[in-house]
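Enquirer: What follows is a single structure, and I will ask about it in a moment.
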Amino acid sequence: MVLKIVQAGEPVLRQRARELTPEEIGSAETRQLIALMRDTMRDAPGVGLAAPQVGVGVR
Numbered sequence: 001m002v003l004k005i006v007q008a009g010e011p012v013l014r015q016r017a018r019e020l021t022p023e024e025i026g027s028a029e030t031r032q033l034i035a036l037m038r039d040t041m042r043d044a045p046g047v048g049l050a051a052p053q054v055g056v057g058v059r
């Protein structure tokens, strides 16, 4: 599955991303997000991707 990359002007891109807790970093939800972001990055032109670019305000 490929996530939608948000475009300039989206509010999530202007907000400060919330830092994940150590518990969240190892969670199944975060691992799933990472896998989806990896698929999205490989499908899109570019060399990197941050969570806010796919509408998720975490870092």
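Mapped onto UniProt numbering, the consecutive letters of the sequence shown carry residue numbers 1 to 59.
All C-beta atoms in this analysis are idealised placements derived from N, C-alpha and C, irrespective of residue type, glycine included.
1. Give the straight-line distance between the Cα atoms of G9 and R16, rounded to the nearest whole angstrom.
2. Do you know whose CA, among M41, G46, R42, M37, lies nearest V58's CA?
3. Here's the rule I'm using: 16 or more other beta-carbon atoms within 10 Å means buried, otherwise exposed. How should A51 be labelled?
4. Going by beta-carbon coordinates alone, are L3 and T40 separated by less than 7 Å?
Expert: According to the data block:
1. 14 Å
2. M37
3. buried
4. yes
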